[in-house]
Amino acid sequence: MKIKGKSLKSLDMKNAFINSLYALVFSLLLGMVFISITGYSPLDTYRAIFVSSFSSTKNFALTLSQATPLMFTGIAFALAYRVKMINTGAEGQMYAGAITAALVGAYITNLPGIIHIPLALLVAAAAGGFTAGIVGYAKLKTGANEIIMTLMLNNVVIFITGYLANGPLKPEGSGVGQTERIQESAKLMKLIPQTQLTIALLIVIAVAIILQYMLDRTVFGYEMKVTGFNLRAAQVAGIKVSKASLITFTISGAVAGLGGAAMVLGVNYRFIEGFSSGYGFAGISIAALAAYSPLAVIPAAFLIGILRAGTITLSRTTAIPIEVVDVIQVLIIIFVAAPSMIRAITGNFKKLVTKFTSNNEKSGGIEQ
Amino acid sequence: MIDIDIDLIYSILSSTLRRSVPLLLAATGGTFSMRAGVMELGLEGMMLAGSFFSVFGAWWLGSPWLGLIVGIVFAVLFAMVHGVMHIQYHVIGSISGMAVNLLAGAITPLLLNIIYGLSGKSPMVNGLTDSNIEWFNNIPVIGKILAAQNILFFIGLLIVVVSWIFMFKTKYGLRMRMVGENPQAASAVGLNVKAYKYFGVIMSGCLAGIGGAYLSLGQMSMFVEDMTAGRGYIAVVINAFGRYNPIGALGGSIFFGFFDAIQTIFQSILPSQLVMATPYVVTILVIVFALKGGKAPAGTGKHAEH
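Quick look at the structure:
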């Protein structure tokens, strides 16, 4: 039984991997259309993007540090999707985590780093978890649509934190909306000096491993799976569906909150209004690419990080718009969401190829 | 303190109606989609496509009316991305809808950059003007408010009435609702389920597109990045609030339009960010407290085949 189960699982994973691979390839191909509209050679552009990401330690660190917040939001989306809930609120949960981490980082003094950093992370996770948890609770109690709820809450959180950063929490003499700089003791250690790459990367990898373990090896992970697979079956099996969904959704928000803390404690050293450049939504496409497995989010986010960091570098010297990456990310979501669409496309393509080759053979035959 | 005077009341009422127009159009579009059993979460993206491409059309063809048509065509194209994903390839409706929203959110800034070399907003174009029909001033009390409305307001009202008649008084409307309630049964009695679903999706794209064009061509004569600002999602809530009925959508839109309109009064006494958060707070409160007992058509998200 066990062996059979395992092989089925690996077959599933293989299919998911192939599906994601196709989605990535199709999205990059369609992305080429947009790049060629801008007048640049798509192949050269892609080559430049990938080369620039690996050209120096500094650029490689840039790629990884660009990918780090995406790993947090990617895991957040992937986890919630396991119980068939859609967490489009990672953006707001991130802001909630960021502002609380900034407060703990700036206003609690005289703590050693070994306590200060975990404290700030913990508070940020709680804030993100709370932001998601109230939506999960509302869904549980009233059947509210979590997509609209989280999106509306995103706006509310972004406006409120914007108000705080422009009003009561604004340091004197600051021209932009931001909070006080955090203490030295709250800053995350750098992995490579003079880059933005910090231990946030190790933290997110640890989070991914723990959550993957939870999914695959614990009773709660099993309950999550059954809940996500078939709500009615789970209820019959005596699993408290609502409890499993609520806890999962809260953890999902906590991970996004940690992502916000990572930006504050590791990159900006304060809360800055509008600091997230669409991390929440990039997370959706990364989770899709990773087939909603927390551990697979890490390499998927790295791939998208290459695209984003490479395009940022390129856009400094060329007129290639950064928005191309956003479009590619959405295309990935579309293709991953519709595996049957991919099968239809590849099926038609195969038909076309066989038709073409058989035609060739025919015409070849006539010539001979 | 706020001075309560008659001019202020007039300005709030007139502003309420102005702000309800895009919501009304999108929500009525969503009614078609929902009544045909297709989740309408993609309204935001269709609106955004409508607002961008109508400005693009007006800039390209030189006429706001032709611009409006271009906007509608592209909004329907975006709606079809969702329609094909959901109806043809059975992707969950909220995911295909979300995909359309994200797609519009990513493509419009990209095209803004590619076509105009600008980021944030487009150049000014000739917009759709206010109606300025002198005749309205002859009506006591509300004449002044009506005269201040854009021509799309009156078109919107007409659309609501026609939509209501279509849905509840014609046999095609009845059939569409049957598809929305029970696609298998509808298929069994020989209805073309997919055609009705596509019709619902196309109508939602069409009306959401006009709603988006109202924001850009009707109010600002230009496109601003992410100018729909969640109105498509609010339209989804309005629709549930109005029990998936165009008349209900009208009432819900005026309700939300009011909360959008009173922002301008509080802007002077409260920090702007907090004031700007109010429509979203109201939306959340409505979702949590006012949607109980309202059920979406029973066949939403179901397909006729297997």
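Chains as they are written, first to last, in my numbering: chain F, 17 to 384; chain V, 36 to 341. Note that beta-carbon positions come from the ideal geometry of N, C-alpha and C, so glycine has one too. All values derive from a computational prediction rather than experimental measurement.
Here F:T211 is not bridged, per DSSP, to any residue. Taking 8 Å as the CB threshold, V:H125 lines the interface with chain F.
Our two residues, V:L163 and V:G253, have alpha carbons roughly 5 Å apart in a direct line.
Sorting F:T104, F:N161, F:T373 and F:I348 by C-alpha distance to the C-alpha of F:Y38 places F:I348 at the top. In this structure, DSSP gives F:I115 a helical state, which the three-state scheme calls helix. Rounded to the nearest whole angstrom, the CA to CA distance from V:G191 to V:N148 is 32 Å. Look at V:Q298 here: in three-state DSSP terms it is helix. Buried is the label assigned to V:M262, since at least 16 other Cβ atoms lie within 10 Å of its Cβ.
Here the alpha carbon of F:P85 sits roughly 7 Å from the alpha carbon of F:A278. At a cut-off of 4 residues, the continuous stretches assigned as alpha helix (DSSP H) that sit fully inside the segment 324-379 of chain F are 339-353.
At a beta-carbon threshold of 8 Å, the residues of chain V lying near F:V172 are A312, Y315, V316 and I319, ordered along the chain.
F:Q199 carries a coil assignment under DSSP once its states are collapsed to helix, strand and coil.
Chain F places no beta carbon closer than 8 Å to that of V:V259, leaving this residue out of the contacts. Spanning the alpha carbons of F:A32 and F:A307 requires a straight line of approximately 6 Å.
One thing to note: V:G336 has its Cβ within 8 Å of the Cβ of V:M74. Using a Cβ-Cβ cut-off of 7 Å, F:A154 is close to V323 of chain V, given in chain order. Following the DSSP letters along the chain, one finds F:N161 in no alpha helix (DSSP H), marked with neither H nor E.
The DSSP-derived three-state label of V:V197 is helix. Classified as exposed, F:I131 has fewer than 16 neighbouring CB atoms from the shown chains inside 10 Å of its CB.
Minimum Cα-Cα distance from F:A202 among the listed residues F:N284, F:T79, F:A64 and F:F76 corresponds to F:N284. The C-beta of F:E339 comes closer than 8 Å to at least one C-beta of chain V. Secondary-structure assignment with DSSP links V:V259 through a beta bridge to V:K156.
Positions of the alpha helix (DSSP H) runs, each at least 4 residues long and wholly inside the segment 235-296 of chain V, are given as 266-276 and 281-296 in order along the chain.
Excluding five sequence positions before and after V:L96, the CB atoms of its chain that fall closer than 8 Å to its own CB belong to G102 and V105, given in chain order. Contact note: F:M101 does not reach chain V at a C-beta cutoff of 7 Å; the least C-beta distance is about 11 Å. Not flagged as an interface residue toward chain F: V:K337, since no C-beta distance is shorter than 8 Å. DSSP, reduced to helix, strand and coil, places V:K206 within a helical segment of the structure shown. Near chain F, meaning a CB-to-CB distance below 9 Å, the residues of the segment 144-166 of chain V are P144, L145, L146, L147, N148, I149, G152 and S154. F:I65 is classed as buried because its beta carbon has at least 16 other beta carbons within 10 Å across all chains shown. Judged by their CB atoms, V:T66 and V:S198 are nearer to each other than the 8 Å cut-off.
The alpha-carbon separation between V:A243 and F:I198 amounts to approximately 45 Å. The C-alpha of F:L127 lies about 23 Å from the C-alpha of F:I288. Contact annotation: the segment 293-308 of chain V does not touch the segment 210-221 of chain V, with fewer than three C-beta pairs closer than 8 Å. The residue among V:G152, V:V271, V:P175 and V:V111 with its C-alpha nearest the C-alpha of V:M238 is V:V111.
With contacts defined by Cβ atoms closer than 8 Å, V:I142 and F:V343 form a contacting pair.
Identification of residues in the segment 276-295 of chain F having a C-beta nearer than 7 Å to some C-beta of chain V yields an empty set.
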